[in-house]
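Residue numbers (the working numbering): 353 to 554. Even glycine gets a Cβ: it sits at the ideal position worked out from N, Cα and C. No experiment lies behind these values; they were computed from the predicted model shown. Structure record follows, encoded as structure tokens.
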Amino acid sequence: SLLQSQIRPHFLYNTLDTIYCLVLMGKKEEGGRMTKLLSDYYRHVLSNGMDWVLLYEEIKYTSNYLQIQSIRYRDILDFEICVEEQVENMKIPKLTLQPLVENAIYHGIKPLDKKGHIGISVKQMEGTVYLRVQDDGVGMSRERFLEVLQKGTQNGDSFGLRNVAERLRLYYGERCVLELEESVQGTAILIRIQTAAEEMRK
Numbered sequence: 353s354l355l356q357s358q359i360r361p362h363f364l365y366n367t368l369d370t371i372y373c374l375v376l377m378g379k380k381e382e383g384g385r386m387t388k389l390l391s392d393y394y395r396h397v398l399s400n401g402m403d404w405v406l407l408y409e410e411i412k413y414t415s416n417y418l419q420i421q422s423i424r425y426r427d428i429l430d431f432e433i434c435v436e437e438q439v440e441n442m443k444i445p446k447l448t449l450q451p452l453v454e455n456a457i458y459h460g461i462k463p464l465d466k467k468g469h470i471g472i473s474v475k476q477m478e479g480t481v482y483l484r485v486q487d488d489g490v491g492m493s494r495e496r497f498l499e500v501l502q503k504g505t506q507n508g509d510s511f512g513l514r515n516v517a518e519r520l521r522l523y524y525g526e527r528c529v530l531e532l533e534e535s536v537q538g539t540a541i542l543i544r545i546q547t548a549a550e551e552m553r554k
């Protein structure tokens, strides 16, 4: 609930402003598409208090968020999502990926002053699911990463990252690890989840 309340209000306001401008410019189809993406995204965020969703749903609505942002920031942002089919029906805590993607945009790509790229990949190997969010932005030091996880605050990059880490610890315990990967450029956050049979729905 606290995470939902922290979803950036200016994301909503600025998206509505963008839709308004698109309509004024005569780009009604693009404005309509953005309205649908926004509606679907908030339906997911506010989905009747549900804590768990299927992975393909989490990916879908994270993609909605990224599509909206790529329209707003068309000159500085593109993205790619790659998910193995066999893990699409895995259950996962809602809003696991979106806060990491939001951090990548606001704290990685935007300060870069040139076009950046965000990649999301999900794969499974030997009973472990690997979820990776990677950007080629300004990067995060390991010292800063550890500081956020150990202390954190309720604003900025600290809140989203630490909230995801705390919720994963609550839901999975020692079966889940969130870590900062070595990256030549930018930031790569990896989530490793050791899966139980009941979590992999067929």
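When rounded, the separation of the alpha-carbon atoms in G378 and G525 is 51 Å. In this structure, G489 is the residue among R521, Y365, G489, C528 with its C-alpha nearest to the C-alpha of G538. Relative to the Cα of T448, the nearest Cα in the group L407, V500, H469 belongs to L407. With a cut-off of 8 Å on Cβ pairs, the segment 425-436 is not in contact with the segment 383-402, counting fewer than three such pairs.
About 30 Å separates the beta carbon of E436 from that of K462, a gap too long to meet the 8 Å contact definition. Cβ contact annotation for W404 (same chain, cutoff 8 Å, sequence separation greater than five): K443, I444, P445, K446, in chain order. Cβ-Cβ distances below 7 Å link M402 to K446 in the same chain, with the five nearest sequence neighbours on each side left out; the list follows chain order.
With respect to I420, L389 sits close: the two C-beta atoms are nearer than 8 Å. Secondary structure note for L498: its alpha helix (DSSP H) is the uninterrupted segment 494-502. Counting the other Cβ atoms within 10 Å of the Cβ of C528 gives 16 or more, which makes it buried.
The C-alpha of K503 is placed about 26 Å away from the C-alpha of V536. Around the beta carbon of R494, fewer than 16 other beta carbons sit within 10 angstroms, so the residue counts as exposed. When the alpha-carbon of L542 is set against those of L522, H469, K466, V453, the nearest one is in V453. If you ignore the 5 residues before and after P451, its C-beta comes within less than 6 Å of the C-beta of G512, V516, all in its own chain and listed in chain order. Per the DSSP secondary-structure output, M477 pairs in a beta bridge with T480. Taking all protein chains in view, the Cβ of M477 is surrounded by fewer than 16 other Cβ atoms within 10 Å, so the residue is classified as exposed. Across the set F497, E410, D465, N455, the C-alpha of E410 shows the shortest separation from the C-alpha of E440. The beta carbon of F497 sits closer than 7 Å to the beta carbons of L532 from its chain, once the five residues preceding and following it are set aside; these are given in chain order.
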